[in-house]
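Per the numbering used here, the sequence shown starts with residue 6, numbered consecutively.
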Amino acid sequence: MFTRHVNVTNNNSGYDVKVGRGLFENIGVEISNLNFKSHVLTPDGLKFAVITDSNVGELYLETCIKSLREYGDAAAVIFNAGEASKNINTFGQILEGLAANKLTRGDLIIALGGGVVGDMAGFAAGCYMRGIKFIQVPTSLLAAVDSSVGGKTAIDLTAGKNLAGLFYQPELVLCDIDLLKSLPEIEMQCGMAEALKTGILRGDDLFKFFENGNARENLDEVIALCVDYKAGVVERDEREQGERKLLNLGHTIGHAIELCSNYEIKHGLAIAQGMKIINKIAFRLGLSSQETFNRIDKALNNFNFDFNLNFKAEELFNAILADKKRKGDVITLVLPVEIGACELKDVNINALPALLELGLMREE
Ligand code: GLY
């Protein structure tokens with residue numbers, strides 16, 4: 006098992022991310038090893054609420070509840086699977102579900118699922134009674150390599166993705182790689198896109214798996230390297246004032262693609278598209294070498310994604326205007342200038358349409 010402790014201020018002593026196999030069926034034991042001071046304050050012992058979606062619930066809820074019940078009462082709050090659920094209505098239903106199950110401040114939420122579950126359960130944990138403890142149990146590759154670590158929680162608003170949320174750190178991330186076996190192919194691809202993003206940021210020790218097309222055969226190591234990289238970034242810049250913005254590589258354009266497609270294009274695939282476009286922009290601006298451009302482009306092509314986009318620069322630009330990362334007239338782009346050395350560049354939004362045209366322009 007690989008364990009990475011994440012030192013953050015938003016959680017007294019930080020927390021462990023545990024990556025391994027066979028961890029999930031003993032989730033109760035893992036939780037009982039955590040030191041909850043507030044636990045003793047609750048009159049009738051620790052209570053758990055497992056927040057999950059309809060797909061994951063069907064596969065894993067029973068095992069989870071069974072293991073938890075050895076340590077306390079366990080209830081479930083389930084919502085319909087999919088990004089379309091990541092909204093204020095479902096969020097309200099989750100909070101009502103926690104209250105209906107009489108969860109108190111000394112109790113614990115378990116976010117059992119992929120990125121959508123993690124984001125919404127984490128946000129609910131941060132808001133319910135002004136904050137109760139929660140743990141992340143990622144069941145998608147995307148959540149395992151990225152979203153379960155670092156305490157970003159959010160829901161989407163009509164105007165755009167993740168527009169309401171909190172930085173709220175978990176008490177533990179329990180990543181059981183065996184749970185990823187049940188993932189549909191498209192979800193595997195989405196997670197791989199996010200892992201490739203980390204490879205471009207981290208450097209050759211991770212990027213090589215994507216370049217050589219053998220990331221899946223080395224899944225345990227890929228996940229551990231992604232978690233380790235992300236944990237380091239989060240420790241240095243928990244609230245995304247600087248370095249953490251690097252993790253948005255491919256995301257500004259990717260989020261715009263998601264919004265333009267009405268979320269029919271999944272997050273991982275959209276950020277793969279975003280990386281393809283930003284790689285071209287960096288190269289065509291003369292900021293990266295032909296070799297770097299080719300290596301990233303080849304690694305993206307190894308996935309067999311469909312990179313034919315039907316959106317025009319103007320549509321993407323309008324969607325980017327709703328991006329929460331925009332500060333007034335300025336948006337920070339992440340430019341892949343070298344493998345292992347991406348750079349942040351503040352760009353006036355007036356310059357964006359031309360940059361997008363550059364990124365969408367086909368080779369002659
Ligand atoms: N998913 C990017 C971050 O957590 O900062």
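C-beta atoms are modelled at their ideal positions from N, C-alpha and C, and glycine is treated no differently.
Of the residues Gln-194, Thr-203, Gly-204, the one placed nearest Ala-275, counting alpha carbons only | Relative to Ala-275, the option among Gln-194, Thr-203, Gly-204 whose CA is nearest is Gln-194.
Go through its chain and collect everything with a Cβ distance to Ile-182's Cβ below 8 Å, but skip five positions before and after it.
-> Excluding sequence neighbours, Ile-182 sits near Val-24, Gly-25, Arg-26, Ala-149, Leu-224, Asp-225, Ile-228.
Own chain partners of Gly-364 with C-beta closer than 6 Å, once the 5 adjacent residues on each side are dropped | Within the same chain, and ignoring the five residues on either side of Gly-364 in sequence, the residues whose Cβ sits closer than 6 Å to its Cβ are Ile-282, Lys-285, Ile-286.
Along the chain, which unbroken stretches of the alpha helix (DSSP H) at least 4 residues long are found entirely within the region 81-159?
-> Listed in chain order, the complete alpha helix (DSSP H) runs (minimum 4 residues) inside the region 81-159 are 93-105, 120-132.
May I have the straight-line CA-CA distance separating Phe-298 from Ile-93, to the nearest angstrom?
-> Our two residues, Phe-298 and Ile-93, have alpha carbons roughly 40 Å apart in a direct line.
Between Phe-172 and Ala-261, is the Cβ-Cβ spacing less than 9 Å?
-> Not in contact: Phe-172 and Ala-261 (Cβ atoms no closer than 9 Å).
Would the C-beta of Asn-253 count as close to the ligand GLY, meaning under 8 Å from any of its heavy atoms?
-> Result yes, Cβ under 8 Å from the ligand GLY.
For Leu-349, collect the residues of the same chain with a Cβ closer than 8 Å to its Cβ; drop the 5 residues on either side in sequence, then sort them by chain order.
-> Excluding residues within five positions, the ones whose Cβ falls inside 8 Å are Gly-247, Lys-250, Leu-251, Thr-337, Leu-338, Val-339, Leu-340.
Could you check what DSSP says for Leu-290 in three-state terms: helix, strand or coil?
-> If DSSP states are grouped into helix, strand and coil, Leu-290 belongs with coil.
Rounded to a whole number of angstroms, what is the C-alpha to C-alpha distance between Gln-295 and Ala-220?
-> Approximately 24 Å between the Cα atoms of the pair.
Coil, strand or helix - Val-352 by DSSP = The three-state reading of DSSP puts Val-352 in strand, counting E and B together.
Any chance the region 201-220 sits against the region 328-337, with 3 or more Cβ pairs inside 8 Å?
-> Verdict: no, contact absent.
Rounded to whole angstroms, what's the CA-CA distance from Ile-83 to Leu-360? Just pull it up for me.
-> Roughly 42 Å separates the two Cα atoms.
Rounded distance between the beta-carbons of Tyr-20 and Val-178, thought under 8 Å | Confirmed, Cβ separation roughly 7 Å.
When DSSP builds the beta bridges, which residues end up paired with Gly-170?
-> According to the DSSP secondary-structure assignment, Gly-170 is paired through a beta bridge with Ala-159.
Quick one, which of Leu-39, Pro-358, Asp-151 has its alpha-carbon nearest Lys-112's?
-> One point to set straight first is that residue 112 is Asp, not Lys, in the sequence displayed. Of the residues Leu-39, Pro-358, Asp-151, the one whose Cα lies closest to the Cα of Asp-112 is Leu-39.
What is the residue span of the beta strand (DSSP E) that Ala-327 lies within?
-> First-last for Ala-327: undefined, no H or E at that position.
Note down the Cα distance separating Thr-144 from Val-61, rounded to an integer number of angstroms.
-> Those two C-alpha atoms are separated by around 8 Å.
Is there contact here, the region 313-322 with the region 254-268, by at least three beta-carbon pairs under 8 Å?
-> Touching, yes, given that three or more Cβ pairs across the two stretches are closer than 8 Å.
At a cut of 8 Å, does the region 61-76 reach the region 26-37 through at least three beta carbon pairs?
-> The way I'd put it, the region 61-76 does touch the region 26-37; three or more beta-carbon pairs between them come closer than 8 Å.
Per DSSP, cross-strand counterpart(s) of Asp-181 = Beta-bridge analysis with DSSP links Asp-181 to Gly-25.
Does any heavy atom of the ligand GLY sit closer than 8 Å to the C-beta of Ser-293?
-> No, Cβ of Ser-293 sits at least 8 Å from all heavy atoms of the ligand GLY.
Measuring from the CB of Ser-3, is there a heavy atom of the ligand GLY at a distance below 8 Å?
-> There is no way to answer for residue 3, as the model of the chain reaches only from 6 to 369.
Compute the beta-carbon to beta-carbon distance between Leu-185 and His-272, rounded to the nearest angstrom, for a pair I have assumed lies under 8 Å.
-> Not quite, the Cβ-Cβ distance comes to about 17 Å (not below 8 Å), so this is no contact.
Euclidean distance between Cα positions of Val-352 and Ser-37 | Taking the straight line joining both Cα atoms gives about 48 Å.
Using the Cα positions of Ala-130 and Ile-114, report the straight-line distance between them to the nearest angstrom.
-> Spanning the two alpha carbons is a distance of roughly 7 Å.
Given Gly-102, which residues of its chain have a CB within under 6 Å of its CB, disregarding the five upstream and five downstream residues?
-> Residues Val-82 of the same chain have their beta carbon placed closer than 6 Å to that of Gly-102, with the five preceding and five following residues left out of the count.
So the alpha helix (DSSP H) Arg-241 belongs to, where does it begin and stop?
-> Unbroken alpha helix (DSSP H) run through Arg-241: 224-241.
Taking 8 Å as the cut-off, is the CB of Arg-249 close to at least one heavy atom of the ligand GLY?
-> At least one heavy atom of the ligand GLY lies less than 8 Å from the C-beta of Arg-249.
Identify, in the order they occur along the chain, each residue of the same chain with its Cβ nearer than 6 Å to the Cβ of Asn-355, setting aside the five sequence neighbours on each side.
-> Hits under 6 Å: none found.
Using only the heavy atoms of the ligand GLY, determine whether one of them is closer than 8 Å to the beta carbon of Lys-157.
-> Yes; taking the cut-off as 8 Å, the Cβ of Lys-157 has a heavy atom of the ligand GLY nearer than that.
So Leu-66 is in the alpha helix (DSSP H); what residue range does that whole segment cover?
-> Run containing Leu-66: 59-73, per the alpha helix (DSSP H) assignment.
For Ile-270, which of helix, strand or coil comes out of DSSP?
-> Ile-270 falls in the coil class under three-state DSSP.
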